[in-house]
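A quick write-up on the structure given underneath.
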Amino acid sequence: MKKIPDNQIAFYQTPGGSVNIEVFYAEENIWLTQKRMAELFDTTVPNINMHLKNIFKSEELDKNSVIKDFLITASDGKNYKTKFYSLEAIIAVGYRVNSERGTHLDFLKEFLPDDF
Numbered sequence: 138m139k140k141i142p143d144n145q146i147a148f149y150q151t152p153g154g155s156v157n158i159e160v161f162y163a164e165e166n167i168w169l170t171q172k173r174m175a176e177l178f179d180t181t182v183p184n185i186n187m188h189l190k191n192i193f194k195s196e197e198l199d200k201n202s203v204i205k206d207f208l209i210t211a212s213d214g215k216n217y218k219t220k221f222y223s224l225e226a227i228i229a230v231g232y233r234v235n236s237e238r239g240t241h242l243d244f245l246k247e248f249l250p251d252d253f
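Heads up: the sequence shown runs through residues 138 to 253, numbered per my numbering.
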């Protein structure tokens, strides 16, 4: 797995360099908000939300194990509790999103544990 210090933000650049995505690394996992997933997979936040709802409804993933609230400091200097989704949820959404970037998940290899 790519070594990133805990509680840090790393940047992932999509193939071709068209989009830079902030990837939050904590607890030996990467985490993205729905907004960042939408940017990553070149789709909308409502589309990401729909896929996540279906994933949880079908019990493919347990909400409690793949969603975590982190405090994020906004440009106004205030801290806001924000929902982030783990790598497992990101992969599950990526396989459902109907976009070219959604079907090319090779970039995630750099964040996967060696035994994954």
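Note that the Cβ used here is the ideal one computed from N, Cα and C, for glycine as well.
- Taking a cut-off of 8 Å for Cβ pairs, the segment 196 to 203 and the segment 218 to 237 touch, as three or more such pairs fall below it.
- Residue burial annotation: Gly-231 is buried, with at least 16 other C-beta atoms found within 10 angstroms of its C-beta.
- Annotation: the continuous beta strand (DSSP E) that includes Leu-208 extends over 204 to 210.
- With a beta-carbon spacing of about 21 Å, Tyr-217 and Ile-227 fall beyond the 8 Å limit used to define contacts.
- Looking at the DSSP output, Ala-226 shares a beta bridge with no other residue.
- With fewer than 16 other Cβ atoms inside 10 Å of its own Cβ, Thr-181 counts as exposed.
- Secondary structure at Leu-169: strand, using DSSP grouped into helix, strand and coil.
- Counting along the chain, the unbroken alpha helix (DSSP H) around Asn-186 starts and ends at 182 to 194.
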